[in-house]
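Following this line, the structure appears as structure tokens:
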């Protein structure tokens, strides 16, 4: 298989897993501190608040796309390319997306951490 | 960040690493499953190691969701990437795998990233739970 479809699949995995994480993060922020909620209203209230959040369900949808993208990419290319590439690049896309969509303050410290982890994961998972 | 929150992050890392190890150990015992005999996947769930792996990954999901409810995504993701380091060390100690120089370099880079991000604030955007509290009444 030539490189273009493989990198296309890796891009699809990275983008859908980023969308999943951003939606999950937003959904959990809407739910609020689950420790406090558990303390006030019990575990069932936490479970109900999470699974009835539309963002949580969207997140699951994108995570499923990312998973099937991974399976597809693995049928074309080596696991030693696909897994490290997708895992490490998603730290960079998440830093962009969290700043843009979630309005997190992604300062120099966070960028440096994301870049170090991105490089480290690429070396570890290869 | 309270001690309880650090423990939740630690639980996220431990559940993910041990869950992956348990799943991969179990699936190696089950053997390769072909698309034509996909029903074997259902039987694989009853392998004790696969079942334990699934339970551990449910524990990972619960602690990951919990940490996202009070921390930024750009804090939780780099902080929990320490799981890759734990996985490399566990595969060396438990499975006797050799750790090459490039993997040691990876361990060093990921650890530095974790150290840098955990020295900063864990949340930088307004929390709904905290905004709602004063309106809720009770002091």
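Protein chains in written order, with the working numbering: chain A, 11 to 136; chain B, 2 to 140.
Don't be surprised by glycine CBs; every beta carbon is placed ideally from N, CA and C.
Could you give the DSSP three-state label for residue i: helix, strand or coil?
i: residue 80(B); result: helix
i: residue 50(B); result: helix
i: residue 71(B); result: coil
i: residue 121(A); result: helix
i: residue 124(B); result: coil
i: residue 17(A); result: helix
i: residue 93(B); result: helix
i: residue 43(A); result: coil
i: residue 115(B); result: helix
i: residue 104(A); result: helix
i: residue 40(B); result: coil
i: residue 101(B); result: coil
i: residue 112(A); result: coil
i: residue 32(B); result: coil
Mark residue i as exposed unless 16 or more other C-beta atoms lie within 10 angstroms of its C-beta, in which case mark it buried.
i: residue 120(A); result: buried
i: residue 117(A); result: exposed
i: residue 71(B); result: buried
i: residue 15(A); result: exposed
i: residue 95(A); result: buried
i: residue 97(B); result: exposed
i: residue 39(A); result: buried
i: residue 81(B); result: buried
i: residue 99(A); result: buried
i: residue 18(B); result: buried
i: residue 136(B); result: Below a pLDDT of 50, predicted positions are generally treated as unreliable, and residue 136(B), at 39, falls in that range; no measurement from the model is reported.
i: residue 10(B); result: buried
i: residue 104(B); result: buried
i: residue 52(A); result: exposed
i: residue 110(B); result: buried
i: residue 14(B); result: buried
i: residue 60(A); result: buried
Determine whether the beta carbon atoms of residue i and residue j lie at a separation below 8 Å.
i: residue 76(B); j: residue 135(A); result: no
i: residue 23(A); j: residue 83(A); result: yes
i: residue 47(A); j: residue 37(A); result: no
i: residue 114(B); j: residue 126(A); result: yes
i: residue 54(B); j: residue 32(B); result: no
i: residue 64(B); j: residue 16(B); result: yes
i: residue 35(A); j: residue 59(B); result: no
i: residue 44(A); j: residue 8(B); result: no
i: residue 46(B); j: residue 24(B); result: no
i: residue 112(A); j: residue 6(B); result: no
i: residue 100(B); j: residue 123(A); result: no
i: residue 107(B); j: residue 41(A); result: no
i: residue 79(A); j: residue 19(A); result: yes
Comparing the C-beta of residue i with each C-beta of chain B, is any distance below 8 Å?
i: residue 35(A); result: yes
i: residue 43(A); result: yes
i: residue 88(A); result: no
i: residue 32(A); result: yes
i: residue 60(A); result: yes
i: residue 133(A); result: yes
i: residue 38(A); result: yes
For residue i and chain A, any beta-carbon pair shorter than 8 Å?
i: residue 66(B); result: yes
i: residue 107(B); result: yes
i: residue 35(B); result: no
i: residue 18(B); result: no
i: residue 125(B); result: yes
i: residue 103(B); result: yes
i: residue 99(B); result: no
i: residue 21(B); result: no
i: residue 5(B); result: yes
Kindly list, in the order they appear in chain E, the residues whose Cβ is closer than 8 Å to that of residue i.
i: residue 91(A); result: Structure shown: chain E not included; protein chains present are A and B.
CB of residue i to nearest heavy atom of the ligand GTP: below 7 Å?
i: residue 121(B); result: Among the components of this structure there are no ligands whatsoever, and the ligand GTP is therefore not found.
*Between the segment 98-130 of chain A and chain B, which residues of the former have CB atoms less than 7 Å from a CB of the latter, in chain order?*
Per Cβ criterion, the list reads 101, 104, 105, 108, 112, 113, 114, 115, 116, 119, 120, 122, 123, 124, 126, 127, 129, 130.
_the segment 109-120 of chain B: positions lying closer than 9 Å to chain A by Cβ_ = 109, 110, 111, 112, 113, 114, 115, 116, 117, 118, 119, 120
*Taking a cut of 7 Å between CB atoms, which residues from the segment 75-95 of chain B lie near chain A?*
75, 78, 79, 82, 85, 89
_Closer than 7 Å between beta carbons: that is the criterion. Which residues of the segment 39-71 of chain B meet it against chain A?_
66, 67, 69, 70, 71
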